[in-house]
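Participant:
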Amino acid sequence: MPGGQYQVTSTRFHHSVYSLTDSSVASNEDEEAEAPPPLTPLQKLTIDLCKDEKTIKELIIGRRVGFYKVRGEIGYGTFSRVKLAFNALTKDKVALKILEKARLDSQAHRLLSREISSMESLQHPNVIRLYEVLETPSRLYLVLEYAGGGDLHNKICNEGKQSDNASKIIFAQILSAIKYMHNLNIIHRDLKAENVLFTCSGCVKVADFGFSTRVSNRNVILDTFCGSPPYAAPELFRDECYLGPPVDVWAMGVLLFFMVTGTMPFRAETMGKLRRNIIEGCYTVPPWVSGPCQRLIKGILKPAPMERYAVDQMLGCDWLLPVELPWSLVTPEPSSSLRGLLDSECRNLEEEEDVRILLEELGFTAEHLQNNRLKDNRSPVTGVYRILLHQAQKKRGCDSLPVVRGMVRDPKREGLRAYRGLRHTSKFCVLS
Ligand code: ATP
Ligand code: MG
1 MPGGQYQVTS TRFHHSVYSL TDSSVASNED EEAEAPPPLT PLQKLTIDLC KDEKTIKELI
61 IGRRVGFYKV RGEIGYGTFS RVKLAFNALT KDKVALKILE KARLDSQAHR LLSREISSME
121 SLQHPNVIRL YEVLETPSRL YLVLEYAGGG DLHNKICNEG KQSDNASKII FAQILSAIKY
181 MHNLNIIHRD LKAENVLFTC SGCVKVADFG FSTRVSNRNV ILDTFCGSPP YAAPELFRDE
241 CYLGPPVDVW AMGVLLFFMV TGTMPFRAET MGKLRRNIIE GCYTVPPWVS GPCQRLIKGI
301 LKPAPMERYA VDQMLGCDWL LPVELPWSLV TPEPSSSLRG LLDSECRNLE EEEDVRILLE
361 ELGFTAEHLQ NNRLKDNRSP VTGVYRILLH QAQKKRGCDS LPVVRGMVRD PKREGLRAYR
421 GLRHTSKFCV LS
């Protein structure tokens, strides 16, 4: 019903534009003699959204949403389609996760609000960022950081098993993201190779928080079966209540096995057999997998959650010993020195100040910034602010890759990727 959609979309954007237009856009009749100042990018965009025929047509047919120009499809999931888009002001690429409201029942609505609330709390180099949430009468749009390097599932299907060193670099980043989430009491519950994405420079980004949940503490008992069966921990199949962190840990064990062997540890023709294999912990690690990696897999894939490695044991395992994380991946512990905390506070304040200057150059006034407080994810000002802030953090090297000490890089195999990451990395900290 294009007519209906036009009506409402148009009303919505007039509203947004109105709230973003300040007095400097109004005609200055009393200053007739003076030439009007040049329009800022924000003023040009808001005028186009209201008056430019081509732009309005693009809004009607869905080629534009809010401040974003929408391009082709880059993925799809159970409830969503994901499209590439550009922010019209910053020109940054983003991923637009599009959900049709009519297809969402009350449970899907609940999951979506959890997905949004988990992503809102997470700011980590290996977790996809949420920039903004947009809503039209028929659709919801999550504006996400774009990861243009494909997902781990396709990577393994195309390239086969990954080398020991490449697996370490990928796994260390997933582990860093999970440690960070668990520290904030957020459990992912749908870790699988399809939800591990890469940026074009090979940085890992954990995505899809649709099944995530926040617990009041890590000992809270959960009872909803979530996730994908081949990655599901035995306690989920035993119809027991379960603790959150060990379920993510188990899925990481399946991921690690998949990465280093190119096959899944638990496979079966029927769900019943798969369930039995998982409950009994029936899997065989091929003998050519390195000893330290075998020990890690065996420490993780323990059917009894209490015997399973905890995240910190994984971090301290022999296999990951030679891995050096870039400083941006080291989660500050409460015991971090005051000096260190103050340094990072100062860096954050400097970055925020730089971003405020960029916002002003685009045409956002002090009034816009004051009214928005840059926390409301439904505001286009917040969207632009978060994109610019993330850009500044990336310039500072927050998307650097870990390196493996003593690793002899073969540019053909390990890829230019590791090399590129290394060049941009300024400081390292040993993972322990
Ligand atoms: P499901 O629950 O079936 O896994 P979903 O509806 O929750 O799916 P996502 O997994 O978030 O959707 O996204 C679907 C696909 O879209 C992903 O597998 C990936 O290929 C692509 N995709 C999602 N987010 C991004 C992103 N930020 N950058 C690039 N591609 C993405
Ligand atoms: Mg998914």
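All residue numbers in the sequence shown are consecutive under UniProt numbering, ending with 432.
For glycine and all other residues, C-beta sits at the position ideal for the given N, C-alpha and C.
From a predicted model like this one, the values you see are computed outputs, not experimental measurements.
Apply the 10 Å Cβ neighbour rule to residue 326 and answer buried if 16 or more other Cβ atoms are within range, or exposed otherwise.
Facilitator: As a first step, residue 326 must be located in the sequence shown, where it is residue number 326. The residue in question, residue 326, is buried, as its Cβ has 16 or more Cβ neighbours within 10 Å.
Participant: With distance defined between alpha-carbon atoms, name the residue in 171, 230 and 84 nearest to residue 322.
Facilitator: Locating residue 322 in the sequence shown gives position 322, where the first residue counts as 1. It is 171.
Participant: Would you mind working out which of 176, 97 and 365 sits nearest residue 312, comparing C-alpha positions?
Facilitator: As a position in the sequence shown, residue 312 is number 312, starting the count at 1. Of 176, 97 and 365, the residue nearest in Cα terms is 176.
Participant: In terms of DSSP beta bridges, what is residue 76 paired with?
Facilitator: As a position in the sequence shown, residue 76 is number 76, starting the count at 1. Looking at the DSSP output, residue 76 bridges to 81.
Participant: Quick one: is the Cβ of residue 377 within less than 7 Å of any heavy atom of the ligand ATP?
Facilitator: Taking the first residue of the sequence shown as position 1, residue 377 is located at position 377. Residue 377 Cβ: outside cutoff for every heavy atom of the ligand ATP.
Participant: Please go through the same chain and pick out, in chain order, the residues whose beta-carbon is closer than 6 Å to the beta-carbon of residue 82, but skip the five residues on each side of it.
Facilitator: Taking the sequence shown and counting its residues from 1, one reaches residue 82 at position 82. Excluding positions up to five away in sequence, the list reads 74, 75, 95 and 97.
Participant: Say yes only if the C-beta of residue 195 is nearer than 7 Å to one or more non-hydrogen atoms of the ligand ATP, and no if none qualify.
Facilitator: Here residue 195 is taken as the residue at index 195 of the sequence shown, counted from 1. Result yes, Cβ under 7 Å from the ligand ATP.
Participant: Can you tell me which of the three DSSP states residue 92 falls into?
Facilitator: Counting from one through the sequence shown, the residue named residue 92 turns up at place 92. Coil, per DSSP.
Participant: Cutting at 7 Å between CB atoms, please list the residues of its own chain near residue 108, excluding the five before and the five after it.
Facilitator: Start at 1 with the first residue of the sequence shown, and residue 108 comes out as number 108. Only 79 meet the Cβ criterion.
Participant: Residues bridged to residue 222 by DSSP?
Facilitator: For the purposes of this step, residue 222 is taken as residue 222 along the sequence shown, with counting starting at 1. For residue 222, which the question treats as bridged, DSSP gives the partners 242.
Participant: Quick one: what does DSSP say residue 385 is sitting in, helix, strand or coil?
Facilitator: Residue 385 sits at position 385 when you count from the first residue of the sequence shown. Helix, per DSSP.
Participant: At a cut of 8 Å, does the segment 115–133 reach the segment 199–216 through at least three beta carbon pairs?
Facilitator: yes
Participant: Are the segment 297–312 and the segment 245–259 touching by the rule of at least three beta carbon pairs closer than 8 Å?
Facilitator: Output reads yes: the segment 245–259 touches the segment 297–312.
Participant: Hey, would you say the C-beta of residue 147 is under 7 Å away from at least one heavy atom of the ligand ATP?
Facilitator: Numbered from 1 along the sequence shown, position 147 holds the residue referred to as residue 147. Yes, the Cβ of residue 147 comes within 7 Å of a heavy atom of the ligand ATP.
Participant: Quick one, which of 292, 406 and 248 has its alpha-carbon nearest residue 308's?
Facilitator: Counted from its first residue, the sequence shown places residue 308 at position 308. Nearest option by C-alpha distance: 248.
Participant: Candidates 215, 224, 261 and 244: which alpha carbon is nearest residue 117's?
Facilitator: The count along the sequence shown starts at 1 and reaches residue 117 at position 117. Measuring from the Cα of residue 117, the nearest candidate turns out to be 215.
Participant: Taking only three categories from DSSP, how would you classify residue 362?
Facilitator: Along the sequence shown, read from residue 1 onward, the residue named residue 362 stands at position 362. Three-state result, residue 362: helix.
Participant: Using the beta-carbon count (16 or more within 10 Å), is residue 293 buried or exposed?
Facilitator: In the sequence shown, residue 293 corresponds to position 293, counting from 1. With 16 or more other Cβ atoms within 10 Å, it is buried.
Participant: Starting from the Cα of residue 178, find the closest Cα among 291, 209 and 318 and give me that residue.
Facilitator: The count along the sequence shown starts at 1 and reaches residue 178 at position 178. Taking only the C-alpha atoms, the option nearest residue 178 is 209.
Participant: Residues in the same chain with beta-carbon distance under 8 Å from residue 406, minus the five sequence neighbours each way, listed in chain order, please.
Facilitator: By one-based count along the sequence shown, residue 406 stands at place 406. If we look at residue 406 and ignore the five residues flanking it on each side, its Cβ neighbours are 322.
Participant: Buried or exposed for residue 335, going by 16 or more other Cβ atoms inside 10 Å?
Facilitator: For the purposes of this step, residue 335 is taken as the residue at position 335 of the sequence shown. Any reading at residue 335 must be qualified, since the residue scores a pLDDT of 47, below 50, and its modelled position is unreliable; no value is offered.
Participant: Mark residue 386 as exposed unless 16 or more other C-beta atoms lie within 10 angstroms of its C-beta, in which case mark it buried.
Facilitator: Indexing the sequence shown from 1 puts residue 386 at position 386. Result: buried.
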